[in-house]
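S.K.: Encoded as structure tokens, here's the structure I'll be asking about.
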Amino acid sequence: MATLVSMRSLKTTIWINLTFWDELANVANQHIEKGHQIYVSGRLILHTVEGDDGKEQTYYKVVVSIEFC
């Protein structure tokens, strides 16, 4: 998933990995293609690691969930 972030004159894209589990993963695999716009909700996970160059990098992931009302 890509998110456009605008701060004053700076515009950047943040890439966020999506994780689907169980039957939701099967449905997503059958119906979602690259470039499709989708709405997701779930749990945001941040993972910070130190790269080979010594700089910290933060990776974002959403564990997608579905709830029926």
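Under this note's numbering, residue 96 is the last one in the sequence shown; the count climbs by one each step, no gaps.
Every residue gets a Cβ at the ideal spot worked out from N, C-alpha and C, and that includes glycine.
No experiment lies behind these values; they were computed from the predicted model shown.
(1) What does the alpha-carbon distance come out to for the pair Y86 and W42?
(2) From the DSSP output, in three-state form, read off Q64 for me.
(3) So what does E50 bridge to, in DSSP terms?
(4) State the Cα-Cα distance for the pair M34 and Q84, rounded to the nearest angstrom.
M.R.: Looking at the coordinates:
(1) 8 Å
(2) coil
(3) Bridge partners of E50: none, in fact.
(4) 20 Å
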